[in-house]
Amino acid sequence: AQSVTQLGSHVSVSEGALVLLRCNYSSSVPPYLFWYVQYPNQGLQLLLKYTSAATLVKGINGFEAEFKKSETSFHLTKPSAHMSDAAEYFCAVSRGFGNEKLTFGTGTRLTIIP
Amino acid sequence: NAGVTQTPKFRILKIGQSMTLQCTQDMNHNYMYWYRQDPGMGLKLIYYSVGAGITDKGEVPNGYNVSRSTTEDFPLRLELAAPSQTSVYFCASSFRSAGQGEDKNIQYFGAGTRLSVL
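Chains A and B are the protein sequences, given in the same order.
The numbers in the first sequence follow the numbering used here, run straight up by one, and end at 114.
The numbers in the second sequence follow the numbering used here, run straight up by one, and end at 1118.
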């Protein structure tokens, strides 16, 4: 079985500050990992994904995440927060290519302080 | 581009009523999914389909039924609505075929249906 744990259901950062959203995973096989963003009253949109290639993954809107097998982590970062980054962020894991069923974390709501 | 379209956006049901949540995609995706999202929780997979005529249960299928008669449509049926089914429902789709690149293994989501059962 696979699972993800997102530490911190709410995170607040000042505009221009570093954004760090934490995700730890558990998987019995090499995982595929994803970060999705959900803006208010919208569906989920893919930010970035890790699929066993480069461990540092760059996504849209300046976000990136680093896969660390030794720490079973896939934390999401952005060097400088923008007001438009305010949203809910979900980490998800699948068992890898050929198994598209995703297991989601409980989400982290990001608030940007002007 | 329409992508994944869900209707209705909002619905209030009385206990015991039935309804169908509609989902259609215009990307020619073979895989489709239904999730529910409860407050403070991640998305839970209800049912999924790997192609027309093929469906399978996800993590929380009880109280729901699905069908997949066409590639485009994947409706979700609630037969006897219960308060525990109050949630936001998301439909998603993805494309996969043998030998494809990993870039295809991405799910695209609709905007959701907010359902209240009172």
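C-beta: ideal position from N, C-alpha, C; glycine also.
For residue i, the three-state DSSP class (helix, strand or coil)
i, result
"Ile1012(B)", "strand"
"Met1019(B)", "strand"
"Asp85(A)", "helix"
"Glu71(A)", "helix"
"Gln1006(B)", "strand"
"Gln958(B)", "The structure shown has nothing for residue 958(B), since chain B only spans 1001 to 1118."
"Asp1026(B)", "coil"
"Thr5(A)", "strand"
"Asn24(A)", "strand"
"Phe1095(B)", "coil"
"Ala92(A)", "strand"
"Ser80(A)", "coil"
"Thr106(A)", "coil"
"Val115(A)", "Residue 115(A) cannot be examined here, being either before or after the span of chain A that is shown, 1 to 114."
Proximal chain B residues relative to residue i, where beta-carbon distance stays under 8 angstroms
i, result
"Ser73(A)", "Ordered by position in chain B, no residue passes the 8 angstroms Cβ test against Ser73(A), which lies about 17 angstroms from the chain."
"Ser9(A)", "Gly1040"
"Lys68(A)", "Neighbours of Lys68(A) on chain B: none; closest Cβ ~20 angstroms, over 8 angstroms."
"Lys58(A)", "Neighbours of Lys58(A) on chain B: none; closest Cβ ~14 angstroms, over 8 angstroms."
Listed by chain order, chain B residues near residue i by CB distance under 9 angstroms
i, result
"Thr106(A)", "Gly1040, Met1041, Gly1042"
"Lys101(A)", "Tyr1033, Leu1045, Tyr1048, Gly1058, Glu1059"
"Lys78(A)", "In chain order: nothing, as chain B lies at least about 21 angstroms away."
"Phe90(A)", "Gly1042, Leu1043"
Interface residues of chain A facing residue i [CB-CB closer than 8 angstroms]
i, result
"Gly1110(B)", "Gly43"
"Ile1054(B)", "Per Cβ cutoff of 8 angstroms: no residues; Ile1054(B) is ~13 angstroms from chain A at best."
"Ile1015(B)", "Under the 8 angstroms cutoff, chain A gives no residues; its nearest Cβ is about 26 angstroms from Ile1015(B)."
Between the CA atoms of residue j and residue i - distance to the nearest angstrom
i, j, result
"Lys115(A)", "Ser12(A)", "In the structure as shown, chain A begins at 1 and stops at 114. Residue 115(A) is therefore absent and cannot be evaluated."
"Cys1091(B)", "Phe104(A)", "15 angstroms"
"Ile1015(B)", "Asn1062(B)", "16 angstroms"
"His1029(B)", "Lys101(A)", "15 angstroms"
"Tyr32(A)", "Tyr89(A)", "17 angstroms"
"Gln1017(B)", "Ser1116(B)", "12 angstroms"
"His10(A)", "Arg109(A)", "5 angstroms"
"Tyr1064(B)", "Gln2(A)", "24 angstroms"
"Gly1042(B)", "Val1088(B)", "11 angstroms"
"Arg1068(B)", "Phe1074(B)", "5 angstroms"
"Tyr39(A)", "Glu15(A)", "18 angstroms"
"Val86(A)", "Leu1021(B)", "The sequence shown places Ala at residue 86(A), rather than the Val named in the question. The alpha-carbon atoms of Ala86(A) and Leu1021(B) are separated by roughly 29 angstroms."
"Val1004(B)", "Thr1024(B)", "6 angstroms"
"Pro114(A)", "Cys91(A)", "26 angstroms"
"Thr1071(B)", "Gly1110(B)", "16 angstroms"
"Thr77(A)", "Ile1106(B)", "21 angstroms"
"Thr1086(B)", "Asp1038(B)", "8 angstroms"
"Tyr1047(B)", "Val1060(B)", "8 angstroms"
"Gly8(A)", "Leu21(A)", "8 angstroms"
"Val37(A)", "Ile1054(B)", "29 angstroms"
"Tyr1108(B)", "Ser1094(B)", "6 angstroms"
CB-CB length for residue i against residue j, believed under 8 angstroms
i, j, result
"Gln45(A)", "Cys23(A)", "Not really, about 17 angstroms apart at Cβ, beyond 8 angstroms."
"Thr51(A)", "Glu66(A)", "No, Thr51(A) and Glu66(A) are not in contact; Cβ-Cβ is about 14 angstroms, not under 8 angstroms."
"Gln1058(B)", "Leu1045(B)", "Correcting the residue identity first, residue 1058(B) is Gly in this sequence and not Gln. 3 angstroms between Cβ atoms; contact."
"Lys49(A)", "Phe34(A)", "5 angstroms"
"Asp1026(B)", "Ala1052(B)", "Wrong, their Cβ atoms sit about 15 angstroms apart, outside the cutoff."
"Val1118(B)", "Ile1012(B)", "The question names Val, yet the displayed sequence has Leu at residue 1118(B). Correct: roughly 6 angstroms between the Cβ atoms."
Contact list for residue i against chain A, beta-carbon separation under 9 angstroms
i, result
"Phe1090(B)", "Gly43, Leu44"
"Gln1022(B)", "Simply none; closest approach about 15 angstroms."
Chain-ordered neighbours of residue i on chain A, where CB pairs are closer than 7 angstroms
i, result
"Gln1085(B)", "Per Cβ cutoff of 7 angstroms: no residues; Gln1085(B) is ~19 angstroms from chain A at best."
"Gln1025(B)", "The premise fails here: Gln1025(B) is roughly 12 angstroms from chain A at the closest Cβ pair, so nothing lies under 7 angstroms."
"Ile1012(B)", "Result: empty, since nearest Cβ-Cβ is about 17 angstroms, beyond 7 angstroms."
Any chance you could list the alpha helix (DSSP H) runs of at least 4 consecutive residues sitting entirely within the region 31-68 of chain A, in chain order? The region 31-68 of chain A is shown to contain no whole alpha helix (DSSP H) run of 4 or more residues.
Quick check on the DSSP output: what are the complete beta strand (DSSP E) runs of length 3 or more inside the region 1033-1087 of chain B, in order along the chain? Annotation: the region 1033-1087 of chain B contains the following complete segments of the beta strand (DSSP E) (minimum length 3 residues), in chain order: 1043-1051, 1054-1057, 1064-1066, 1076-1078.
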